[in-house]
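Reading through the structure tokens given below for one structure.
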Ligand SMILES: [Zn+2]
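Numbering (the numbering used here), first residue to last: 132 to 516.
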């Protein structure tokens, strides 16, 4: 058993042992008091035995039977259930929470908490309709309403039921709604994309206006308005939309490079294309768009000038995957002059000296400069490479 597996097994086991300890202690006190309960005692040892044999499932069954659910032990049940879910043992968490919910002795507050836990178990297990029903039930509870809304929203988002996701988010208290404006705006953009894909431009425009009225700053609206205009053959308008995207969100400029080139080509506007290609403020990060940009540049400026231009852009913007692969080809094909090579090398070394990332967690991609045995982000052991 690896260290990770041992730890993974141990946490719920420790929790369980603790709970069984509680059963034993209560039995002991009851024995000193009025009602001796031989049954609980034997159940406790049976459970402990299963636990020692690593038969956690049987131990849980025994424990659930042995331990009465009352106001004192509800918290312990909840803690153990939550622990199992976090460790990915959703079926065990579900059994504990179902057992809790079925108890008539719980207070309203305790029952709601157990229902909320169970809803999360169902969600994690992929039983979305069961989770949905429980979250809907929780909408009636003041304490859980906000969490239930977010739970339902997560489900609708996963099911791509964008309109339902919007409707449920709108049920947040008015004072909290601002927090969700960007999210709602993105759901409207998703709806607009669906409409664009089926060719319903009118509906797409409505959704985009709604997105914009939720969040004035959302970049995706201009991106999609450009797509709409492009599909309708309004190339100048499309260019206008994307230019405004580039002006307000320069970091997203690389998303529209291929679209802009296609637009200028459709318009037959060579001068505009040239001006755009040279002025591109963010190099495309995906291979296809980079190749398109580079090829168009070579076509317009010739190989030598294009390489010089790309080189100077890389100097300003830093290397991306496609740009690095382009430069590496240029080096191996001997198309990069001695001066360029020297500059490239010294820049690369300078950047490497200032590296901020030395280790990356293989579990979650968490980057760090220091080595950890335990990932502070996802909790995996020995996951840094
Ligand atoms: Zn991690």
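Note that CB positions come from ideal geometry on N, CA and C, so glycine has one too.
- Beta-carbon gap between residue 409 and residue 371 smaller than 9 Å: Taking the first residue of the chain shown as position 1, residue 409 is located at position 278. Taking the first residue of the chain shown as position 1, residue 371 is located at position 240. The answer is no: Cβ separation not under 9 Å.
- Give the range of the alpha helix (DSSP H) segment to which residue 424 is assigned. Residue numbering aside, residue 424 sits at position 293 when the chain shown is read from its first letter. Note, residue 424: alpha helix (DSSP H), 418-432.
- Message: For ligand 1, I want to know if residue 284 counts as a neighbour, meaning its beta carbon is within less than 8 Å of at least one of the ligand's heavy atoms.
- Response: Taking the first residue of the chain shown as 1, we reach residue 284 at position 153. No; taking the cut-off as 8 Å, the Cβ of residue 284 has no heavy atom of ligand 1 nearer than that.
- Among all residues, which have a Cβ less than 6 Å from at least one non-hydrogen atom of ligand 1, and in what chain order do they fall? 492, 494, 495, 497, 506, 508, 509, 511 and 514
- Item | Beta-carbon spacing of residue 415, residue 389 below 9 Å | If you number the chain shown from 1, residue 415 lands on position 284. If you number the chain shown from 1, residue 389 lands on position 258. Taking 9 Å as the Cβ cut-off, residue 415 and residue 389 qualify as a contacting pair.
- Message: Pull the bridge partners of residue 498 from the DSSP assignment, please.
- Response: Looking up residue 498 in the chain shown gives position 367. Per DSSP, 491.
- Please list the segments of the alpha helix (DSSP H) lying wholly inside the stretch 369-417, counting only runs of 4 or more residues, in order along the chain. 388-398 and 401-410
- When you compare only the Cα positions, how much space is there between residue 331 and residue 422? As a working mapping, residue 331 is identified with position 200 in the chain shown. As a working mapping, residue 422 is identified with position 291 in the chain shown. Their Cα atoms are separated by approximately 32 Å.
- Query: What residues in its chain sit with their C-beta under 8 Å from that of residue 452, if we drop five residues either side in the sequence?
  - Reply: For the purposes of this step, residue 452 is taken as residue 321 along the chain shown, with counting starting at 1. The answer, listed in chain order, is 416 and 418.
- Leaving out five residues on either side along the sequence, give the residues of the same chain with a beta carbon under 7 Å from the beta carbon of residue 391. Residue numbering aside, residue 391 sits at position 260 when the chain shown is read from its first letter. So the qualifying residues of the chain are 370, 373 and 407.
- Message: Mapping the DSSP letters down to three states, classify residue 504 as helix, strand or coil.
- Response: The residue labelled residue 504 in the question sits at position 373 within the chain shown. Note: residue 504 maps to coil in three-state DSSP.
- Task: Grab the span of the alpha helix (DSSP H) containing residue 522 for me, first residue to last.
- Result: Nothing in the structure corresponds to residue 522, since the chain is present only between 132 and 516.
- Message: Which residue wins for smallest C-alpha separation from residue 387, given the options 353, 402 and 363?
- Response: Translated into positions along the chain shown, residue 387 becomes position 256. The candidate whose alpha carbon is nearest that of residue 387 is 353.
- Residue range of the alpha helix (DSSP H) that residue 511 falls in? The count along the chain shown starts at 1 and reaches residue 511 at position 380. Where residue 511 is concerned, there is no enclosing alpha helix (DSSP H), given that its DSSP letter is neither H nor E.
- Item | Own chain residues within Cβ distance below 8 Å of residue 229, not counting five before or after | Taking the first residue of the chain shown as 1, we reach residue 229 at position 98. Closer than 8 Å at the Cβ level, and outside the excluded window around residue 229, lie 249.
- Would you mind working out which of 258, 412, 375 and 463 sits nearest residue 222, comparing C-alpha positions? Locating residue 222 in the chain shown gives position 91, counting from the first residue. Checking every option, the nearest Cα to that of residue 222 belongs to 258.
- Message: Just to confirm, is the Cβ distance from residue 458 to residue 431 under 9 Å?
- Response: Position 327 of the chain shown holds residue 458. Position 300 of the chain shown holds residue 431. No. Outside cutoff.
- Message: Can you give me the C-alpha to C-alpha distance between residue 169 and residue 193, rounded to a whole angstrom?
- Response: In the chain shown, counting from the first residue as 1, residue 169 sits at position 38. In the chain shown, counting from the first residue as 1, residue 193 sits at position 62. With a pLDDT of 43 at residue 169, under the threshold of 50, the modelled position of that residue is not reliable, and the figure given next carries that caveat. The alpha-carbon atoms of residue 169 and residue 193 are separated by roughly 15 Å.
- Query: Residue range of the alpha helix (DSSP H) that residue 317 falls in?
  - Reply: As a working mapping, residue 317 is identified with position 186 in the chain shown. Residue 317 -> alpha helix (DSSP H) spans 312-328.
- Helix, strand or coil for residue 335, going by three-state DSSP, please let me know. On the chain shown, residue 335 is found 204 positions in, with the first residue counted as 1. Helix.
- Task: For residue 454, collect the residues of the same chain with a Cβ closer than 6 Å to its Cβ; drop the 5 residues on either side in sequence, then sort them by chain order.
- Result: If you number the chain shown from 1, residue 454 lands on position 323. Excluding positions up to five away in sequence, the list reads 414 and 445.
- Message: Using a 10 Å radius around the Cβ and a threshold of 16 neighbouring Cβ atoms, would you call residue 477 buried or exposed?
- Response: Position 346 of the chain shown, counted from the start, is the residue given in the question as residue 477. So residue 477 counts as exposed.
- Message: Taking a contact to mean a Cβ-Cβ separation below 9 Å, would you say residue 280 touches residue 302 in this structure?
- Response: Working through the chain shown from its first residue, we reach residue 280 at position 149. Working through the chain shown from its first residue, we reach residue 302 at position 171. Yes, these two residues count as a Cβ contact at 9 Å.
- Task: Pull up the CB-CB distance for residue 327 and residue 362, whole angstroms please, since I reckon it's below 8 Å.
- Result: In the chain shown, residue 327 corresponds to position 196, counting from 1. In the chain shown, residue 362 corresponds to position 231, counting from 1. Right, their Cβ atoms sit about 7 Å apart.
- Selection from 238, 364 and 494 that minimises the alpha carbon distance to residue 513: Here residue 513 refers to the residue found at position 382 when the chain shown is read from its first residue. Nearest of 238, 364 and 494 to residue 513, Cα basis: 494.
- Query: Taking Cβ positions, are residue 350 and residue 383 nearer each other than 9 Å?
  - Reply: For the purposes of this step, residue 350 is identified with residue 219 of the chain shown, where counting begins at 1. For the purposes of this step, residue 383 is identified with residue 252 of the chain shown, where counting begins at 1. In this structure, residue 383 lies closer than 9 Å to residue 350 by Cβ.
- Message: Determine whether the beta carbon atoms of residue 292 and residue 313 lie at a separation below 9 Å.
- Response: Residue numbering aside, residue 292 sits at position 161 when the chain shown is read from its first letter. Residue numbering aside, residue 313 sits at position 182 when the chain shown is read from its first letter. Contact flag unset, no.
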